[in-house]
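This report refers to the structure that appears directly beneath it.
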Amino acid sequence: MKKTTKYIIITLVVLIVLGAAAAALILTSPKDSEDDASSSSTVSESTEPALIDKTAEDVKNIGIEDLAADDSYTIIPTETTTSSGDTEQTFTIEGWDDLDVLYSNVKSLADRLYSITPTKKIGAVEDLSEYGLGSGEGYKITMNYTDGTSQTFTIGNKAGESSGSYMLYEDEVYIVPVSTYLKQSKYDFLNKALIAIPTPTITATDGTETDSTSEINSLHLSGQNYPEEIQFGLSDDEVLAYDITEPIYAGMNSGKIDDFVKQLQNVTAAGVLAVHATEEDIAKYGLDNPVAVCDYTMNDEHHVIKLGDKTGDLYSMMVDDDTTIYTITDSAVTSWVNIEVYSLRDGFVRLPYIKSVSRVTLTSSTGTDVYDVTRIENEEKSTETNTFYDLEVSKDGKEINYDYYQPFYQMLLAVSVLNEEIQEPQGDPILTIKYDFFDGRKSEEIKFYADPASERRAVATLNDQPTGSVRMSDIQKILEAKEVIAQNKPVKGDEEESTTSELESAAE
1 MKKTTKYIII TLVVLIVLGA AAAALILTSP KDSEDDASSS STVSESTEPA
51 LIDKTAEDVK NIGIEDLAAD DSYTIIPTET TTSSGDTEQT FTIEGWDDLD
101 VLYSNVKSLA DRLYSITPTK KIGAVEDLSE YGLGSGEGYK ITMNYTDGTS
151 QTFTIGNKAG ESSGSYMLYE DEVYIVPVST YLKQSKYDFL NKALIAIPTP
201 TITATDGTET DSTSEINSLH LSGQNYPEEI QFGLSDDEVL AYDITEPIYA
251 GMNSGKIDDF VKQLQNVTAA GVLAVHATEE DIAKYGLDNP VAVCDYTMND
301 EHHVIKLGDK TGDLYSMMVD DDTTIYTITD SAVTSWVNIE VYSLRDGFVR
351 LPYIKSVSRV TLTSSTGTDV YDVTRIENEE KSTETNTFYD LEVSKDGKEI
401 NYDYYQPFYQ MLLAVSVLNE EIQEPQGDPI LTIKYDFFDG RKSEEIKFYA
451 DPASERRAVA TLNDQPTGSV RMSDIQKILE AKEVIAQNKP VKGDEEESTT
501 SELESAAE
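When you line the sequence shown up against UniProt numbering, it's residues 1 to 508, in that order.
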């Protein structure tokens with residue numbers, strides 16, 4: 001016999017023996033054990049028809065009771081209008097007609113409740129609590145139909161051995177598919193995107209549109225965190241886009257605006273605490289005495305946001321006239337919930353743009369100097385959208401070299417604010433700077449007073465409002481330069497003087 005043939009015969013014999021052994025195991029093994037969920041249950045793959053077999057048109061309402069949380073709500077049919085103007089049948093929460101309901105989510109839950117086919121039947125069990133169906137457990141569902149009939153069942157824990165959840169219906173347990181929305185809070189059916197202010201667009205001559213920059217027309221902060229309320233808004237100034245008007249008058253750091261725009265243009269709640277809030281609800285969550293109130297207008301759209309008590313990293317919140325109490329994360333309101341005016345303001349007392357100022361008047365103990373400015377259009381540098389001006393400066397009718405005036409003007413602007421300490425001035429000002437403008441807007445006047453508490457400090461006011469503490473050395477430099485520029489001589493610069501792009505832009 002050939003070696004190959006011998007190996008084939010041996011292999012066949014082995015296969016026959018293994019097959020016989022397998023057959024013996026099958027014939028002698030015990031029957032499948034009952035489902036692990038209950039030793040007393042009768043388990044079989046479901047071949048039963050649908051347990052709940054209705055259509056949306058059959059539903060009058062659906063009562064849902066969270067037995068563990070002792071909470072309930074009712075789903076009812078309703079009609080909504082699509083974006084195309086058509087009417088479609090859907091579902092909503094009873095009593096929430098005035099709220100922004102996510103109808104598609106409610107419909108998703110309702111669709112799974114009026115039509116239920118089990119994936120598996122477990123049968124009668126001794127201990128329903130093993131399935132989350134014991135006393136005070138699960139979600140009791142009451143289906144009420146338009147023909148006057150009803151059906152009741154309970155949904156319990158998620159099934160361990162397959163997808164779906166346990167369902168108790170007519171004293172027997174099944175595994176059925178369940179919408180994820182059933183085991184969420186009823187408040188999850190509310191839209192939490194509360195504010196969405198459109199970004200303005202610019203239309204080009206060819207009709208194309210591009211996004212412009214969002215603007216905060218005005219903003220007012222009040223509440224427990226603001227014993228001195230803060231107010232700011234758009235400025236007439238060409239250098240700084242915003243002015244702080246309360247509790248001081250000052251230019252605002254334009255870089256801070258981005259934080260406000262980011263958090264106020266789109267406001268999304270983290271959760272919901274109550275709908276149709278009563279006075280008791282409002283007091284319960286600290287909204288009768290808010291920690292912070294932001295009243296603002298952005299892109300000409302007005303909103304009011306109130307923040308109440310904070311639990312963990314969540315504030316309670318109400319928006320505009322909505323009587324719903326929401327929650328919002330601390331990180332979503334950091335730009336405005338608890339800030340100091342000093343952190344918002346620009347670092348200088350004032351930065352009026354040099355080409356907007358028609359006259360500068362300086363008054364000190366040595367007298368008053370008035371510098372008149374004339375603007376002359378430079379046609380070569382001007383465009384259709386922007387007029388470029390050259391400046392001519394005179395004092396008492398005599399020309400002042402602009403190359404001397406411009407660095408002196410920058411010196412006037414370079415007085416920086418040292419801290420947020422606001423104090424009333426005492427005595428007479430040691431220097432007054434007054435700016436008049438070409439466009440006829442109200443003059444601005446800055447005054448500097450000696451600080452009786454420190455020889456190295458001076459107190460600054462802007463339009464007679466205290467605006468902060470400044471270096472006396474900065475004022476002394478201006479007083480010295482005042483006598484030099486009056487003689488049409490160049491002022492001595494300070495190589496160590498620090499400037500910012502805003503300061504340089506204002507003086508160039």
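Think of the CB as a built atom: it goes at the ideal place given N, C-alpha and C, for glycine as much as any other residue. Please read all numbers here as calculations on a predicted model, not as lab measurements.
Item	Value
For E246, the residue or residues it bridges with in DSSP	Q231
Terminal residues of the beta strand (DSSP E) in which A460 lies	454 to 462
CA-to-CA distance, T55 to T28, given in whole angstroms	Because the pLDDT at T28 is just 30, under 50, the model does not fix this residue reliably, and the point stays unresolved.
Start-to-end residues for the alpha helix (DSSP H) that takes in V393	From DSSP, V393 is part of no alpha helix (DSSP H) but of the beta strand (DSSP E) over 389 to 395.
Sequence-distant residues of the same chain with beta carbon closer than 7 Å to Q426, five excluded per side	Y449, P452
Beta-carbon proximity list for T81, same chain, < 7 Å, skipping 5 on both sides	T87
Residues near residue 509 by beta carbon distance below 7 Å, same chain, minus five either side	It is not possible to answer for residue 509, since the shown part of the chain is limited to 1 through 508.
Start-to-end residues for the beta strand (DSSP E) that takes in A450	444 to 451
Identity of the residue in G347, A274, N157 nearest Y249 by Cα	G347
Pair within 8 Å by beta-carbon distance, T245 and G233	yes
Residue 509 versus N289 - alpha carbon distance	This structure cannot settle anything about residue 509, because the visible part of the chain is limited to 1 through 508.
7 Å Cβ shell around E424 - same chain, five flanking residues per side excluded	P466
Cα-Cα separation, S33 to E57	Below a pLDDT of 50, predicted positions are generally treated as unreliable, and S33, at 31, falls in that range; the measurement from the model is reported next regardless. C-alpha separation (whole angstroms): 43 Å.
Helix, strand or coil at G440 [DSSP, three-state]	coil
Residue burial classification, G312 (beta-carbon count within 10 angstroms, cutoff 16)	exposed
Assigned secondary structure, N266 (DSSP; H/G/I helix, E/B strand, else coil)	strand
Spatial neighbours of D66 in its chain, beta-carbon cut-off 8 Å, leaving aside the 5 residues before and after	S72, Y139
Own chain partners of S235 with C-beta closer than 8 Å, once the 5 adjacent residues on each side are dropped	A241, Y242, D243, G251, M252
Through-space distance from E379 to I430, alpha-carbon basis	42 Å
Spatial distance of G132 from G160 (CA atoms)	12 Å
From H276, D321, T208, G286, residue whose alpha carbon lies closest to that of D295	D321
8 Å Cβ cutoff met for K395 and Y371	yes
Best match in D53, M411, D259, V470 for proximity to E455 [C-alpha to C-alpha]	V470
Boundaries (first-last residue) of the alpha helix (DSSP H) holding M472	472 to 485
Neighbourhood of V106 by C-beta distance below 8 Å, restricted to the same chain and skipping five residues each side	I75, T90, F91, T92, I93, Y181, F189
Distance, A481 Cα to L412 Cα	10 Å
Beta-bridge pairing of P77 - partner residues as DSSP gives them	F91
Rounded straight-line distance, which links the Cα of V417 to that of M472	11 Å
Under 8 Å between C-beta atoms of I64 and Q151	no
Span of the beta strand (DSSP E) around K306	301 to 311
Per-residue burial, D171 [other beta carbons within 10 Å of its own, 16 or more giving buried]	exposed
Among S316, I141, T268, I197, the one whose alpha carbon lies nearest that of H302	I197
From P118, T205, V59, residue whose alpha carbon lies closest to that of Y166	P118
Selection from E444, I422, Y435, F437 that minimises the alpha carbon distance to R457	I422
Length at least 4, wholly inside the stretch 269 to 303: the alpha helix (DSSP H) runs in chain order	279 to 284
Alpha carbon of D439 to alpha carbon of K492, nearest angstrom	32 Å
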